[in-house]
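Notes to accompany the following structure.
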DNA sequence: GCCAACGTTGGC
DNA sequence: GCCAACGTTGGC
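Pasting the structure below:
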């Protein structure tokens, strides 16, 4: 199983909305590198939900429920989306500041390629974020 | 509001 | 196919 990090601006699509909806489609990606990451996702993969611009922190965990399929919001039919469902909110959010200050996390793709909206997370990084988030107990 | 980083576009 | 100009993202 692989791990990922996906960004959303909370004034466009916040974590709370995904929780309220119970599921969602991760559409609107218009960047080939991000799209390639979407295509690499398997059903059951886990992903962090990251709030960009406002908050600038990891707030929750999602699970991929459907692998990459055509994004209906893309008129040119070039890009794909995945379907996700919320798993659990982090007990404590993990801010970008914390990530940059952490010896393990400062090497995350999130830090190195700040504009990439869908990025891979290593197992080591995943576990470290959960430690900082104080979850699971 | 600014700016660095990076992606895209278009002229040649 | 190169690269300058321009647009967008995202952190501060």
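In my numbering, the protein residues as written are 447 to 583. A virtual CB, placed ideally from N, CA and C, is assigned to each residue, including glycine. Note that this is a predicted model, so its numbers are computed, not measured.
Let's see if you can read the secondary structure: which residues bound the beta strand (DSSP E) around residue 521?
Within the first chain, numbered from 1, the residue matching residue 521 stands at position 75. No beta strand (DSSP E) holds residue 521; DSSP gives it neither H nor E.
Leaving out the 5 sequence neighbours to the left and right, which residues in its chain are closer than 6 Å to residue 545 when beta-carbon positions are compared?
As a first step, residue 545 is located in the first chain; it is residue number 99 there, counting from the start. Only 551 meet the Cβ criterion.
For residue 533 and residue 508, which I take to be in contact (beta-carbon distance under 8 Å), what is that distance rounded to the nearest angstrom?
Stepping through the first chain from its first residue, residue 533 is reached at position 87. Stepping through the first chain from its first residue, residue 508 is reached at position 62. So it is a contact: roughly 6 Å between Cβ atoms.
Could you check where the alpha helix (DSSP H) with residue 577 kicks off and where it finishes?
Taking the first residue of the first chain as position 1, residue 577 is located at position 131. From DSSP, the alpha helix (DSSP H) with residue 577 extends over 569–579.
Span separating the alpha-carbon of residue 580 from that of residue 475
Here residue 580 refers to the residue found at position 134 when the first chain is read from its first residue. Here residue 475 refers to the residue found at position 29 when the first chain is read from its first residue. Near 31 Å, if we compare the C-alpha coordinates of residue 475 and residue 580.
Would you call the segment 513–533 and the segment 483–501 in contact, with 3 or more CB pairs under 8 Å?
Look at the beta carbons and you see the segment 513–533 touching the segment 483–501: at least three pairs across the two are nearer than 8 Å.
Please report the residue range of the beta strand (DSSP E) in which residue 455 lies.
Here the question's residue 455 lines up with position 9 in the first chain. No beta strand (DSSP E) holds residue 455; DSSP gives it neither H nor E.
Exposed or buried, which one is residue 458 when buried takes at least 16 other CB atoms within 10 Å?
Residue numbering aside, residue 458 sits at position 12 when the first chain is read from its first letter. Under this definition residue 458 is an exposed residue.
Short Cβ contact (8 Å threshold) for residue 501 with residue 456:
To locate residue 501, count along the first chain from 1; it is residue 55. To locate residue 456, count along the first chain from 1; it is residue 10. Result yes, Cβ atoms of residue 501 and residue 456 sit closer than 8 Å.
Determine the DSSP secondary structure at residue 538, reduced to helix, strand or coil.
As a working mapping, residue 538 is identified with position 92 in the first chain. Residue 538 falls in the strand class under three-state DSSP.
Could you pull out every unbroken beta strand (DSSP E) segment of at least 3 residues lying fully inside the segment 452–494, listed in chain order?
Correct list: 470–472.
Does residue 497 pass the burial test, meaning 16 or more other C-beta atoms within 10 Å, or should it be called exposed?
Reading the first chain from its first residue, position 51 is the one you call residue 497. Label assigned to residue 497: buried.
Quick check: residue 525 and residue 486, are their CB atoms within less than 8 Å of each other?
Taking the first chain and counting its residues from 1, one reaches residue 525 at position 79. Taking the first chain and counting its residues from 1, one reaches residue 486 at position 40. No. Outside cutoff.
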